[in-house]
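Shown next, in C-alpha cells, is the structure this report addresses.
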Amino acid sequence: MCIWRRLASVCHVLHAPRNDLNDARTTNLTSNMSVRVRFAPSPTGYLHIGGARTALFNWLYARHMGGTFILRVEDTDAARNSQEAVNVILDGLRWLGLDWDEGPLTADATGPGKGDRGPYFQSRRKENYALRVEALLSRGLAYESEGAVRFRMTREPVLVRDLVVGDVTRALTDREEQDPDFVIMRSDGSPVFHFVNVVDDLEMGITHVIRGEDHLSNTAKHVALFKAFGVEPPQYAHIPLILNADGSKMSKRDTGAALTYYMENGYAPEAVLNYLCLLGWSARDGREVIPLPELIANFDLPQILRHNARFDHEKLKWMNGEYLRAMTADRFYEMSVHALARAGVDTNAFPTAYVKAALDTCMGKLRLFTDLPAYAGFYFTDRVEMDADAKAALTPEARDRLKKLRDAYAGAADFKAATLETILKDTAKALGVKNGVLVHPIRFACTGKPSGPSLYHLLEILGRDRVMQRIDATLAA
RNA sequence: GACCCUAUCGUCCAGCGGUUAGGACACCGCCCUUUCACGGCAGUAACCGGGGUUCGAAUCCCCGUAGGGUCGCCA
C-alpha cells in the first residue's frame, strides 16, 4: 500500500499539467505535495450524520497531515438552495468543531469568505464551468446533443486507485454500454454535478478526495474527466457508509440521521465526534475514548475499513456519558443550563450558587443532558411531582417514620450533608430499622422519584426550608 | 438487468498463514453503595456456505449466497 502510494505521488508529479487549461496555481500545487482536502455538501436543509463523518475524516486527515481543509458549497440546485439550508451545514460543522481553512464565512453566497481559490459557492463559479465546457468542446472531447453538452466517455474499463478500497476497475454497465457519454451541461446551460465536482476539485487543487462509498462507481466518470483536462486525478479514499441498526440505508426520516438530532438531544459534540471516528476506523490499540489531539495524531486513510457500519445509538450514549463524566464543572454547568432551559426549566429564577451546587450533584451521573430535567428538575420547582412508585411506597407506616425523621431534622444544629446523614442513621437506629427504610420516603418526599442525586447532598442544597416544606406537604397529602 | 464494493460475537472494532479468536457497547450474575449511576470481578455470544492453495487458513484464490452502492438534463 505504501509503495504504490509513493509511486502514485511520483506519477502525480510526472503527469504535471501540460495544456493551456492549467494555470499556475494548479502547476504549483503538483510540485508541492501539501494536502488539500474538501468537504462539499449540498445545502438540502439538513446535514446527514454520514456527511458529518465525511467532513470529520477530511478534517482529521488535513489536520493530521498539516494540510488544508476546504469547505465548498455545492448549491447548483437553485430549487433546494437557501441560506437557511447553508446555515444548517455551517452550524453543524461549527458545533463539531470542524473549522475550515478555506470557504465561506457566512451562508450568503455573495458574502465574505476566506481562501484564494474561491469562490467557494458553485453558484458563483458559472464562468469557470462555461470556460471548461468550451475547452472540451473545442478539442472534441465533448459535443452538443439535443441542446445539452455531453462528454465523450471512454468505453474502456477505468482504473480507480483508492487508498481505502484498493485498485478498482470499473467496467461499463449494460445501460452505459449503449451510450457511455453523459451530460455535463444541461439544455438550460447549467452544469451537472459530475462536471462541476471535477472542475472545482481541479481548480481548487484538491489532492485527496475523501467521500462516501456511494460515489465509488461514479469515480470512473471523474477520472475520465480529469484526464480530458490533461491532469492526473487526485487520490481517492472512499469511506464506507453508515447504516441504521437494522442494516438499512439511513435516510432523512430515520432517528439520528440528521446532525441536529444530536445537537438538540443532549449530546456533547466531542462525544459525537469521537463516536463517529469509531465507525469505520480504529486506533488499533483497543482504546475507544480518545482525546482529539490523539485522534488527529493517529488518524490515517489506509486504516479505514472497507465495509459499512451500523449506527449503535446505545454505544454513543455510553460514550456521551464518558465525556459528561470527564467534562470540567464549568462546561457541564453551562451545557446543563441550556438543556434545562430547552426543557422549560428556568434556572435564572435561582441564585447562581444554588444552581451550581445543584448541578454538582448531577455530575458524572448522566449519559445525556436531556436526562437532566427528569433527574434534577426537583431542584427548580415548588411542586414536586410524585411518580406512581413514590406514592405507593408512602404507606401509613412509612409516613409515620418520615414524621419522626422530620422532627429530628427540625432540631438539627445545621443542615449540612454530614449532619443530616448522622441524624438519619441515629433515627433509623432508634426506630430499629435499616437506613434505607428512612432514605426512601424522604427521597420521595423531596424529589418525587426513587432515584437521583446523593440524598444528603440534595437535602443540604435544597435547604432546611424547602425540605421541611416538602416533607410537610407529603405528610399532609 | 449490468457494473462496483463488502462479509469475525446482537452492534462497533482487533486479527493481516500457526491465538484457549481479543477489546468495547448491550445483556446476565456477584461485589461496592443512602437511591441511581460509576467502578471492580465473572459470564453468555462470532470467523456466511462450498471448493481450492498450504504441513497448517478467520487470514490467500475461486464460486455461491447475503448486504450495500451505482448506472439521471439529482447532488
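Sequential numbering from -15 applies to the first sequence in our numbering. Every residue gets a Cβ at the ideal spot worked out from N, C-alpha and C, and that includes glycine.
| message | Rounding to the nearest angstrom, what Cα-Cα distance links histidine 222 and tryptophan 302 in this structure? | response | 28 angstroms
| Is the distance from the Cβ of glycine 432 to the Cβ of valine 368 below 8 angstroms? | Cβ atoms of glycine 432 and valine 368: closer than 8 angstroms.
| said: Considering only the alpha carbon of each residue, which of Ser174, Glu130, His192 and Asp100 lies closest to arginine 20? | reply: His192
| Backbone secondary structure at proline 103 - three-state DSSP | coil
| field | At least 3 beta-carbon pairs within less than 8 angstroms: the segment 136 to 149 vs the segment 196 to 211 | value | yes
| said: Can you check which of these residues, Thr312, Lys299 and Asp355, is closest to arginine 326 by C-alpha distance? | reply: Asp355
| Using DSSP with H/G/I as helix, E/B as strand and the rest coil, what is threonine 516? | No information on residue 516 is available, as it lies outside the stretch -15 to 461 that the chain covers here.
| message | According to DSSP, simplified to helix, strand and coil, what is valine 451? | response | In the structure shown, valine 451 sits in a helix (DSSP, three-state: H, G or I).
| said: So, does the segment 326 to 340 touch the segment 357 to 364, judging by three or more C-beta pairs under 8 angstroms? | reply: yes
| Does the segment 274 to 282 come close enough to the segment 253 to 262 to have 3 or more Cβ pairs within less than 8 angstroms? | Segments in contact, yes.
| task | Determine the closest residue to asparagine 249 out of Leu352, Val321, Gly270 and Leu343, with distance taken between C-alpha atoms. | result | Leu352
| request: Could you please give the first and the last residue of the uninterrupted alpha helix (DSSP H) stretch that includes glycine 196? | output: First-last for glycine 196: 192 to 196, but that is the beta strand (DSSP E), not the alpha helix (DSSP H).
| Rounded separation between alanine 114 and leucine 125 - CA only | In this structure, the alpha-carbon of alanine 114 lies about 15 angstroms from that of leucine 125.
| query | At what residues does the alpha helix (DSSP H) containing arginine 427 begin and finish? | reply | 419 to 431
| said: Nearest by alpha-carbon distance to methionine 370: which of Met311, Thr406, Thr458 and Glu306 is it? | reply: Thr458
| Inter-residue spacing [alpha-carbon to alpha-carbon] between proline 357 and histidine 32 | 28 angstroms
| request: With leucine 143 as the anchor, note down where its alpha helix (DSSP H) starts and where it stops. | output: Careful: leucine 143 lies outside any alpha helix (DSSP H), inside the beta strand (DSSP E) at 142 to 146.
| message | As a quick exercise: from Asp172, Asp85 and Thr203, pick the residue whose alpha carbon is nearest that of valine 149. | response | For valine 149, the closest alpha carbon among the candidates Asp172, Asp85 and Thr203 is that of Thr203.
| With distances taken from CA atoms, which of Met234, Leu225 and Leu186 is nearest proline 218? | Leu186
| task | Evaluate the contact criterion for the segment 92 to 104 versus the segment 283 to 298: three or more CB pairs, one atom per stretch, below 8 angstroms. | result | no
| message | Under 8 angstroms: do the segment 230 to 249 and the segment 23 to 38 share three or more Cβ pairs, one atom per stretch? | response | Look at the beta carbons and you see the segment 230 to 249 touching the segment 23 to 38: at least three pairs across the two are nearer than 8 angstroms.
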